[in-house]
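Residue numbers (the working numbering), protein chains in the order written: chain A, 22 to 573; chain B, 5 to 391.
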């Protein structure tokens, strides 16, 4: 029986039941644009799938119980030691089940990769402006997913009930307890009484394996569906406009490529788990509230919270018999709040400032949105300072710098570095815009000097080829500042009046600052139909259209 | 340019007919393409060949109008010689992936566990074979896509997300009709009672969570230390005589006798004792704690006892530097001066480590005079001024 016939009868069977021919054809023909940064989100997705697979395996053996047991397993150094059943079963997974250690390590590496990929993906989305209308909701879903990923990771690495993660849990509890008004109650309810109690592991377990993954599945489903429905954004390039999407069809191209990428992701975490040990809980020992080791470091994604706690000066108020532990709840909540709330509000703030309510499907090059890029870099450097301070003991040790000095530097750096980073980034972006404008106006310098009959020397330039031009030309004219109309009316628009309006005008000037390109250069392929200089450009087309494309 | 074929014209054809479309002419990216056409095909399309993938036609469907379409994807890559080479590479990748996959199963069978060395070997073998399997599968699939599948770049139109006005209007009509028919707007009593009825439904689950834990009460204000309770050297769990300290020196973790295995008790009651040389400690003449001073009549023979639970977020303040008398909490580096009432000298902690009042019992062992006079551990809302 031929393959065709087998497929045919299956297809027929399915179509007669699900009416799928048309829908699946549309699905198959869907175009996915290509760019290496589009793979970042895929890494996150595939790490999630790897986490589901390995997590299910681990759950078959793990015992989420804090019942005290005496260990008599294969790891002889802990023979006869009292420990929780959770810790003992993690030792058993590692030493007494074939493939158990590998699955544990893959699970842990995949979790780190998951969060790292989400971060990189978010950074890509932010810097290219891919969050803009109509994709604001997907951006918000992404932020929720990121937050949940941090929580899921924290719960996950606390489950083995080892000494290292126990310290993390203790810190979590101390932070929870510090929250004004409700903190003590939250802590007692979460832990089933006083710390540590015997409830926290089973409770975190069910949140870790059911509730949060369930929310993940729902939100990732929504995230992908929306992405699919709205069609993927694309990077600027030849033939790419805001009204089309250029790339290869899902079937067979994208399917094969993304399938391959899943395998690559899996291969990467599998090989990492083969050669790079991660979370060797048997070396840490079982949890004990009296013990701790120096140089305790959480997983990388928790480092910024750790740094934030370390950096904070010792501030506390007691008002009317109540304690405001600013030294704890401010560093625990404020930096995370600034990053996440700022990220969540930014698309709407940007829309309000620029008055740009159009749909955007063509991504920005980061340099073409200098203020956004500068804000992004400022945010990343803010995070970076917190993260480095989270490893201040390691830094002090490796670089032989006094520990307290690092903390004192970080207390200044947390404010200074983002501000400096903002201004430097903005200047760099504008500088790069100048370079682009020069290329667009004068073409590429060839290094050939020619003497004119008049005796004058000029340097020859070569116009940009089409692909390059499409890449670096700003695809759309900057939106008009709100209220400014073509007629040059003096009366400000309603949104620009009053105090708030003035703030908006000021912000608009800052956000839309960019280098103007004179629309008549050596090259003039109008990038698209709605460019403001499209008309002038056409005059120059003749000069360059015959030029052979050049490589860059 | 293309052989447009009605779909139903080939119902009985053999699959081999697919090969009709395999030859591409002038396959190059530079070929002319209509701008703005909904589908731009790079490379000259081969004659279309529709197939009966969905099997035999259903009964009497001849009334359908024939679907006319031309091939959008070329059937073969431009460079068939290179494709042949690539085909061999891909097949080799897949064969090796298969071998590595079987290797994984073999490794599972061959390598045992139950000892650190064996687990190490097993992990290496399993991880390596697994990683190779996926790596080779990924490499094979990637080479397949890049070198065997013909290069295409298609373009698809986007449509504004906003629905056409007619659709929007129609939706509003439908919605309003439904709202009218439901009587939801017209009959406020129904609306309000429904809303009222859902309030407890939303509240009940929250109430149900109440028994997750007991109320805090004053539990955080006290520890298990009682007058006369012996301090045990943690680990050995033996009582301590002041004379056991031959010389001033390190820090010892102590726990209340009878609670040495009770984590809930220890998470608050754990202490450290440090023996000082005479004159090293700044004592207060008073019998209660004063900032920067250690209470002398709570100490025995220059042995001082402080809570081990950091006042920042509760980690054990476990590092002690003898020369400076600094107690350091490794979590966030709050530093306490053991010779000055364990007051904070650096870091995020706001309060000194509470001092445990000590004395000796009839047998000469160190015992508590009573509980701490203030709550130990991290700050909390109800703590207030209780220091």
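No residue lacks a Cβ here, since even glycine has one placed at the ideal position from N, Cα and C.
The beta carbon of residue 285 of chain A sits closer than 7 angstroms to some beta carbon of chain B. Shown in chain order are the members of the region 132-160 of chain B whose Cβ falls below 7 angstroms from a Cβ of chain A: 132, 134, 135, 138, 139, 141, 142, 145, 146, 148, 149, 153, 156, 157, 158, 159 and 160. Straight-line measurement puts the Cα of residue 343 of chain B at about 7 angstroms from the Cα of residue 284 of chain B. For the pair residue 135 of chain B and residue 79 of chain A, the CB atoms are not nearer than the 7 angstroms cut-off. Burial is judged here by how many other beta carbons sit within 10 angstroms of a residue's own beta carbon; residue 98 of chain A has fewer than 16 and is exposed. The region 74-87 of chain B and the region 146-162 of chain B touch, with three or more beta-carbon pairs separated by less than 8 angstroms. For residue 471 of chain A, the uninterrupted beta strand (DSSP E) run begins and ends at 465-472, by DSSP. Within the model, the alpha-carbon separation for residue 76 of chain B versus residue 272 of chain A is close to 12 angstroms. By the C-beta density criterion, residue 102 of chain B is exposed, having fewer than 16 other C-beta atoms within 10 angstroms. Within the model, the alpha-carbon separation for residue 39 of chain A versus residue 317 of chain B is close to 58 angstroms. The beta-carbon separation of residue 368 of chain A and residue 51 of chain A, rounded to 25 angstroms, does not stay under the 8 angstroms limit for a contact.
Judged by beta-carbon spacing, residue 379 of chain B lies within the 7 angstroms limit of residue 225 of chain B, meaning their Cβ atoms are closer than that value. Secondary structure of residue 479 of chain A (DSSP, three-state): strand. Per DSSP, reduced to three states, the secondary structure at residue 191 of chain B is coil, with no helix or strand assignment. For the pair residue 264 of chain B and residue 348 of chain B, the Cα-to-Cα distance works out to about 28 angstroms. Taking 7 angstroms as the cut-off, the beta carbon of residue 283 of chain A is found closer than this to the beta carbon of residue 67 of chain A.
At a cut-off of 7 angstroms between beta carbons, residue 295 of chain A contacts chain B. Separation of the CB atoms of residue 305 of chain A and residue 396 of chain A is rounded to 40 angstroms, and the pair is thereby denied contact status at 8 angstroms.
Here DSSP, grouped into helix, strand and coil, assigns residue 450 of chain A to helix. Cβ-Cβ distances below 8 angstroms link residue 147 of chain B to 90, 93, 94 and 97 in the same chain, with the five nearest sequence neighbours on each side left out; the list follows chain order.
Inter-segment contact for the region 238-247 of chain A and the region 45-61 of chain A is absent: fewer than three beta-carbon pairs are separated by less than 8 angstroms. Contact annotation: residue 348 of chain A and residue 352 of chain B have beta-carbon atoms nearer than 7 angstroms. By the criterion of at least three beta-carbon pairs nearer than 8 angstroms, the region 274-294 of chain B is in contact with the region 313-329 of chain B.
Within the region 242-253 of chain A, 251 and 252 place their CB atoms closer than 8 angstroms to a CB of chain B, listed in sequence order. Approximately 6 angstroms separates the beta-carbon atoms of residue 376 of chain B and residue 360 of chain B; this is inside 8 angstroms, confirming the contact.
Partner residues in the beta bridge of residue 279 of chain B, as assigned by DSSP, are B:307. Within the region 167-233 of chain A, the complete alpha helix (DSSP H) segments of 4 residues or longer fall at 184-199, 204-212 and 221-227, listed in chain order. Taking a contact as a CB-CB distance under 8 angstroms, the pair residue 384 of chain A and residue 495 of chain A does not count as one, their CB atoms being some 12 angstroms apart. Cβ atoms of residue 462 of chain A and residue 259 of chain A stay farther apart than 8 angstroms, at about 20 angstroms. Counting along the chain, residue 370 of chain B sits inside the beta strand (DSSP E) bounded by residues 370-372. Contact check for residue 322 of chain A against residue 174 of chain A passes: the beta carbons are separated by less than 7 angstroms.
Secondary structure of residue 356 of chain A (DSSP, three-state): helix.
Taking the Cα positions, residue 126 of chain B is about 47 angstroms away from residue 438 of chain A. Within a 10 Å sphere around the beta-carbon of residue 422 of chain A sit fewer than 16 other beta-carbons, which makes this residue exposed. For the set A:228, A:530 and A:166, the Cα lying nearest the Cα of residue 393 of chain A is the one of A:530. Residue 62 of chain A sits close to residue 142 of chain A, with the two beta carbons spaced by under 7 angstroms.
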